[in-house]
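Since the structure comes first, as structure tokens, the remarks are kept for the end.
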Amino acid sequence: MSEAVFVVAAVIILAGAVGVVASRNPVHAALFLVQTLVGVAVLFVLNDAHFLAAVQVVVYAGAIVILFLFVIMLLGVDKAEELRVEPIFGQRPLAVVVGAALAAALATVVVAGADVLTGLRRAGGDRALDGEATDIERMGRVLFGEFALAVEITAALLTVAVVGAVILTRRSPRPEATEAPVSGDA
Amino acid sequence: MLDAAWLICAFPLAGFVVLLALGRRLGEPRAGWVATGAMVGAFVSSVAVFAALMGRDPAERRFVVTLFEWVPAGDFSVDAGLLIDPLSVTMALFVTGVGALIHLYAIGYMHGDGDFSKFFVYLNLFAFSMLVLVLGDSLALTFLGWEGVGVCSYLLISFWFTDEANASAGKKAFITNRVGDWGFMLAMFWAFGALGSVRYLDLFGGADSLSSTTATAIVILLFVGAAGKSAQLPLYIWLPDAMAGPTPVSALIHAATMVTAGVYLMVRVNPLIAVADGWAPDAIAWVGVATALFAAGAAMAQNDIKKVLAYSTISQLGYMMLAVGTGAYVAAIFHMVTHAFFKALLFLGSGSVIHALDGDQDMRRYGALRAAMPVTAATFIVGWLAIAGVPPFAGFWSKDEILAYAFDASPALWAVGIVTAVLTAFYMSRLVFMTFYGEARHGDDAHPHEPSGLMTAPLLVLAAAAVVAGGLNLPFTKHLHFLGSWLEPSLFANEAHLSLGGGAQWLLALVSMAGAAVGIAGAAAVYLQNRLPAERVEWPAAARAFYVDEMWTRFVGGPGRRAFEGVAAFDANVVDGAVDGVGRSVRTGGAWLRRVQSGFVRSYALLTAAGAVALLIWFLARASF
Amino acid sequence: MDLAGLSVGWYLALSVALFAIGGVGLLVRRNPLVMFMCVELMLNAVNVAFVALGAGLNDVGGQVAVFFVLVVAATEVVIGLALVVAINRRRAGATADDVTLLKG
């Protein structure tokens with residue numbers, strides 16, 4: 463059963479990824495991205511990470527992709543991109559070569575056994591997955607126990623990001639501008 | 003009191019700093035009084051240190067006052083310290099004493115000069131440097147003072163720099179001294195390489211462990227430095243030109259103190275000379291006596307009064323080097339002290355004359371000044387008798403002692419020395435007769451007059467010293483060797499022992515008295531009684547100092563210049579070429595590499611990805627499967 | 535390291551493929567928005583690997599890492615899109631190749 467789910471999900475994910483890369487219209491790319499993200503959420507469910515699957519759908523497929531689409535609409539850059547020309551000489555073949563090399567090198571790691579480089583160890587105690595608790599409870603304990611400081615820093619990061627986004631997109635009243643700033647426009 | 007020996011240096015330094023900051027505001031004559039006060043303070047400190055040293059046991063009259071760590075560099079460390087021993091204190095005493103008198107004189111001499119306060123800034127800086135030179139406890143510190151006096155000498159020679167000749171005379175002095183400094187520096191490096199220290203006490207302690215070759219090399223190289231500073235053949239050429247400076251400068255720097263630094267240095271390193279091969283002191287003695295004779299010959303035919311005194315100074319410095327070479331260190335210092343008195347006196351006297359005749363320095367336009375300037379004339383005559391070697395004036399005793407030691411070492415040295423003594427008596431008598439006797443040859447518009455009391459007072463003090471300074475070291479009995487027994491702790495029993503009997507010494511003294519008489523009589527015959535035309539004795543070659551200067555000019559301007567240009571070309575092409583080449587190749591490489599920075603984000607991303615792949619491959623290559 | 539009869543290796547292989555596709559897309563596409571989407575693809579590839587390895591090793595740490603990646607991805611998109619908006623305000627329709635001031 464799970465093999466079948468994995469295979470179907472994998473096909474969806476890879477098809478979506480190729481779609482993102484290959485579609486000329488950014489709106490299409492965003493929709494293909496949703497397809498991939500949902501596929502990944504399926505894999506999360508398959509691995510008993512129900513909370514993450516939910517977050518994946520809500521935050522990624524929901525908020526982030528909506529943000530993408532919103533910007534696309536706002537800027538009116540939903541024009542098709544000419545994919546047949548490549549202005550930078552050698553960029554495309556080199557990109558394929560580098561991508562292939564990357565894949566090959568990573569595949570070597572996978573084939574050789576992932577513990578070759580990372581030295582994997584099985585965990586126990588709070589972090590073990592095979593206990594009674596649900597995955598949400600386990601994550602909660604670990605996040606607000608072991609990783610409490612990191613969570614706090616994440617909060618700060620989010621705050622900075624919000625402030626940064628506001629400042630970046632703010633239309634500052636430029637003193638050298640000849641025309642008077644339009645009220646309510648900013 | 004001994005710990006406060008730093009005061010000796012501190013007074014002139016303080017004077018220098020105060021004058022540097024406030025000199026112009028103080029103006030004339032207060033700036034001069036500040037400078038003179040600083041010198042008097044230094045002199046009083048020296049006397050106090052001298053008295054404290056006298057109160058000690060002779061064996062304990064040598065120690066170091068460490069001031070601070072000057073050059074800390076790993077194992078190499080130079081402490082700035084003062085070496086207080088009889089030799090350095092003797093030097094400090096006469097440098098500050100004569101210096102104070104000349105400062106006083108300069109207040110009168112520089113009257114009305116636009117750069118009055120600047121003159122005293124330099125003069126105090128000079129005094130400070132000179133005291134660092136003599137009191138420094140290491141070759142490095144002495145070298146600091148050595149360079150300091152060199153700079154001051156340069157600044158003061160070209161003090162009236164608006165005249166091109168004065169400016170180039172300063173440059174000549176500086177550059178010629180650099181040749182000597184090269185020797186000093188090499189000696190210093192060599193001593194450090196051999197003994198790991200440049201402190202005098204370490205050098206003296208380790209002198210016995212040196213091979214005679216090393217010691218010889220160090221001594222000869224130091225002598226090269228000393229020959230530059232003390233104007234020995236063939237590096238003397240700067241001193242006659244140095245007379246371009248104001249006369250107090252000539253008296254202080256180019257007669258009494260700075261030019262004796264070379265002699266002081268050689269006396270200071272007497273333990274090294276004792277270890278060196280025998281030919282090294284012989285070479286020093288012969289260079290000294292050759293310089294003495296040569297310069298005395300040149301002085302015979304000079305018409306510029308200061309040039310006569312300049313060549314006379316070179317000649318007397320030659321005597322001192324002769325004494326060093328024959329191991330007569332006490333005699334060298336003795337002559338240095340007496341010479342400081344009478345030569346400073348003669349220079350200051352000549353300054354008064356020049357001052358009285360509105361800057362005219364040509365003796366052919368002097369004459370019969372005795373009546374107009376009685377004090378100057380009287381003191382000058384005392385100086386003349388002292389340098390001519392007439393007993394009982396100071397010069398007789400010191401010169402006679404040098405000649406006695408020279409005779410003991412080699413009669414040939416003595417013979418050259420006695421000929422020089424005759425010439426000395428002759429040219430000094432010529433100077434005195436042309437200046438103070440005979441008929442007045444100056445123009446009618448000149449009104450020679452006695453200078454102010456500020457200028458005559460130092461003359462009187464120096465004249466008194468020139469009369470009695472011989473008493474420092476009388477030859478009659480051992481008990482009268484005051485200077486000799488005083489300097490003993492500094493000389494480590496390296497002083498040569500006179501093997502002459504009393505009778506032989508009397509005979510030598512009589513011969514030199516006769517020589518002085520012959521010289522004076524000869525000059526009187528030519529310049530007072532005109533029995534012989536002056537042209538017969540004023541040899542043209544002597545007037546040009548036997549063309550040594552021209553030889554130098556031709557050498558440096560010809561093959562020397564080509565050699566220097568070769569070195570410069572080597573420097574420009576090979577040394578600079580290597581440096582520039584590295585720079586240029588980096589620039590070329592950078593210009594090529596900057597194309598990688600195209601500004602295209604995607605290119606950067608590509609390179610980043612390539613780097614990630616490379617890293618991954620590197621990790622995989624290192625992993626053990 | 536079996537999970538429901540499926541080797542972690544399969545997940546990792548999928549992750550590698552997804553990562554490579556995203557990487558190539560990032561290098562090839564010029565539209566900054568699509569480039570961001572490719573970055574999201576790469577991040578998701580990593581997330582798949584995290585979760586799979588965490589499950590294989592019986593460790594909730596993998597899921598926690600994904601949580602943080604999500605947060606950072608959200609942040610990155612916010613800032614990135616703000617930059618895109620700011621750039622487009624100056625030069626409408628600018629692609630990544632049009633902004634080349636940062637060069638040697």
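Residue numbers (the numbering used here), protein chains in the order written: chain A, 463 to 648; chain B, 3 to 627; chain C, 535 to 638. Even glycine gets a Cβ: it sits at the ideal position worked out from N, Cα and C.
What residues in the region 590-613 of chain B bring their beta carbon closer than 8 Å to a beta carbon of chain C?
L595, R596, R597, V598, Q599, S600, G601, F602, V603, R604, A607, L608, A611
Using 8 Å as the threshold, is the region 324-343 of chain B in touch with the region 268-276 of chain B, meaning 3 or more CB pairs across them?
Taking 8 Å as the limit for Cβ pairs, the verdict is that the region 268-276 of chain B does touch the region 324-343 of chain B.
Can you have a look at A229 (chain B) and say buried or exposed, based on whether 16 or more other CB atoms are within 10 angstroms of its CB?
Numbered from its first residue, the second sequence carries residue 229 (chain B) at position 227. So A229 (chain B) ends up on the buried side.
Is any beta-carbon of chain B found at less than 7 Å from that of A563 (chain A)?
Residue mapping note: residue 563 (chain A) aligns to position 101 of the first sequence, counting from 1. Taking Cβ atoms only, chain B reaches closer than 7 Å to A563 (chain A), which makes this a yes.
Can you tell me whether H499 (chain B) is buried or exposed, with buried defined as 16 or more other CB within 10 angstroms of its CB?
By 1-based counting over the second sequence, the position of residue 499 (chain B) is 497. So H499 (chain B) counts as exposed.
Relative to the C-alpha of M112 (chain B), which residue among B:L456, B:L618, B:P535 is closest?
For this step, residue 112 (chain B) is matched to residue 110 along the second sequence. Minimum Cα distance to M112 (chain B) is reached at B:L456.
Beta carbon proximity, G627 (chain C) to chain B, threshold 7 Å
As a first step, residue 627 (chain C) is located in the third sequence; it is residue number 93 there, counting from the start. G627 (chain C) does not count as touching chain B.
In this structure, how does DSSP classify S645 (chain A) when only helix, strand and coil are distinguished?
By 1-based counting over the first sequence, the position of residue 645 (chain A) is 183. For S645 (chain A), the predicted structure reports a pLDDT of 44, less than 50, and the residue's modelled location is therefore unreliable. The matter cannot be settled from this model.
Below 7 Å on C-beta distance, what does A630 (chain C) contact in chain B?
Stepping through the third sequence from its first residue, residue 630 (chain C) is reached at position 96. Those within 7 Å of A630 (chain C) in chain B are V603, R604.
I believe I534 (chain A) touches L567 (chain C) by the beta-carbon criterion, under 8 Å. Please report the beta-carbon distance rounded to the nearest angstrom.
In the first sequence, residue 534 (chain A) corresponds to position 72, counting from 1. In the third sequence, residue 567 (chain C) corresponds to position 33, counting from 1. The pair is a contact, with the Cβ atoms about 6 Å apart (cut-off 8 Å).
Could you tell me which chain B residues have their CB closer than 7 Å to the CB of L556 (chain A), listed as they occur along the chain?
The residue you call residue 556 (chain A) lines up with position 94 of the first sequence. Within chain B, the residues near L556 (chain A) are L608.
Per-residue contacts from Q553 (chain A) into chain C (C-beta, under 8 Å):
Within the first sequence, the letter at position 91 stands for residue 553 (chain A). Under the 8 Å cutoff, chain C gives L561, V562.
For S587 (chain B) and K309 (chain B), I'd like the C-alpha separation in whole angstroms.
Along the second sequence, one-based indexing puts residue 587 (chain B) at 585. Along the second sequence, one-based indexing puts residue 309 (chain B) at 307. Those two C-alpha atoms are separated by around 57 Å.
Would you call the CB atoms of L415 (chain B) and A408 (chain B) closer than 7 Å?
As a position in the second sequence, residue 415 (chain B) is number 413, starting the count at 1. As a position in the second sequence, residue 408 (chain B) is number 406, starting the count at 1. Result yes, Cβ atoms of L415 (chain B) and A408 (chain B) sit closer than 7 Å.
Shorter than 7 Å from the beta carbon of L636 (chain C) to some beta carbon of chain B?
For the purposes of this step, residue 636 (chain C) is taken as the residue at position 102 of the third sequence. Yes, L636 (chain C) lies at the interface with chain B (some Cβ there is under 7 Å from its Cβ).
If you check the beta carbons only, do A471 (chain B) and A396 (chain B) fall under 7 Å apart?
In the second sequence, residue 471 (chain B) corresponds to position 469, counting from 1. In the second sequence, residue 396 (chain B) corresponds to position 394, counting from 1. Their beta carbons are under 7 Å apart, which means A471 (chain B) touches A396 (chain B) by this criterion.
Considering only DSSP beta bridges, list what T68 (chain B) is partnered with.
Within the second sequence, numbered from 1, the residue matching residue 68 (chain B) stands at position 66. Per DSSP, B:G83.
Counted within 10 angstroms of its Cβ, other Cβ atoms place Q531 (chain B) as buried (16 or more) or exposed
For this step, residue 531 (chain B) is matched to residue 529 along the second sequence. For Q531 (chain B), the number of other beta carbons within 10 angstroms of its own is below 16, and it is reported as exposed.
Is P542 (chain B) helix, strand or coil when you go by DSSP?
As a position in the second sequence, residue 542 (chain B) is number 540, starting the count at 1. Three-state result, P542 (chain B): helix.
If we count Cβ pairs, one from each stretch, closer than 8 Å, do we get three or more for the region 37-46 of chain B versus the region 613-629 of chain A?
no
Just to confirm my understanding: we take A196 (chain B), look at its own chain, exclude 5 residues before and 5 after, and list those with CB closer than 7 Å. What are they?
Here residue 196 (chain B) refers to the residue found at position 194 when the second sequence is read from its first residue. Excluding residues within five positions, the ones whose Cβ falls inside 7 Å are L212, T216.
By the criterion of Cβ-Cβ separation under 7 Å, what are the contact partners of A567 (chain A) in chain B?
Start at 1 with the first residue of the first sequence, and residue 567 (chain A) comes out as number 105. Within 7 Å Cβ-Cβ: V615, L618, I619, L622.
DSSP on M463 (chain A), reduced to helix/strand/coil?
Walking along the first sequence from the start, residue 463 (chain A) turns up at place 1. In the structure shown, M463 (chain A) sits in coil (DSSP, three-state: anything other than H, G, I, E or B).
Taking 8 Å as the cut-off, does the region 556-565 of chain C touch the region 602-618 of chain A (at least 3 CB pairs, one atom from each stretch)?
no
Leaving out the 5 sequence neighbours to the left and right, which residues in its chain are closer than 7 Å to L579 (chain A) when beta-carbon positions are compared?
By one-based count along the first sequence, residue 579 (chain A) stands at place 117. Residue placement at L579 (chain A) cannot be trusted, given a pLDDT of 49 that sits under 50; what the coordinates show is reported in the next sentence. Taken in chain order, the residues that qualify are V571.
Spatially closest choice to A612 (chain B) from A:L568, A:A595, A:V559, A:D510, by CA coordinates
Counted from its first residue, the second sequence places residue 612 (chain B) at position 610. Ranking A:L568, A:A595, A:V559, A:D510 by Cα distance to A612 (chain B) puts A:V559 first.
Span of the alpha helix (DSSP H), counted from its first residue to its last, around R26 (chain B)
As a working note, residue 26 (chain B) is residue 24 in the second sequence. Run containing R26 (chain B): 8-56, per the alpha helix (DSSP H) assignment.
Cα separation between I220 (chain B) and L188 (chain B)?
Residue mapping note: residue 220 (chain B) aligns to position 218 of the second sequence, counting from 1. Residue mapping note: residue 188 (chain B) aligns to position 186 of the second sequence, counting from 1. Going from the Cα of I220 (chain B) to the Cα of L188 (chain B) covers about 8 Å.
Quick check: G601 (chain B) and L636 (chain C), are their CB atoms within less than 7 Å of each other?
Here residue 601 (chain B) refers to the residue found at position 599 when the second sequence is read from its first residue. Here residue 636 (chain C) refers to the residue found at position 102 when the third sequence is read from its first residue. Taking 7 Å as the Cβ cut-off, G601 (chain B) and L636 (chain C) qualify as a contacting pair.
Give the C-beta separation of A169 (chain B) and F176 (chain B) to the nearest angstrom, bearing in mind that I take them to be a contact with Cβ-Cβ under 8 Å.
As a first step, residue 169 (chain B) is located in the second sequence; it is residue number 167 there, counting from the start. As a first step, residue 176 (chain B) is located in the second sequence; it is residue number 174 there, counting from the start. Contact check for A169 (chain B) and F176 (chain B): beta-carbon distance about 11 Å, past the 8 Å limit, so the pair fails to qualify.
Can you tell which of B:N179, B:D210, B:R180 has the C-alpha that lies nearest to the C-alpha of A646 (chain B)?
Nothing about residue 646 (chain B) can be reported from this structure: the residues present for chain B run from 3 to 627 only.
Buried or exposed: where does A416 (chain A) fall if 16 or more other Cβ atoms within 10 Å of its Cβ makes it buried?
Here chain A comprises residues numbered 463 to 648, so residue 416 (chain A) is not present and cannot be evaluated.
Where the alpha helix (DSSP H) containing R600 (chain A) begins and where it ends:
Residue 600 (chain A) sits at position 138 when you count from the first residue of the first sequence. Its alpha helix (DSSP H) spans residues 597-606.
Under 9 Å, CB to CB, which of the residues in the region 513-538 of chain A have a partner in chain C?
F513, L514, V517, Q518, V521, Y522, A525, I526, V527, L529, F530, F532, V533, I534, L536, L537, G538
Can you check DSSP and say which residues form a bridge with D210 (chain B)?
Residue numbering aside, residue 210 (chain B) sits at position 208 when the second sequence is read from its first letter. DSSP output for D210 (chain B) lists no bridge partner at all.
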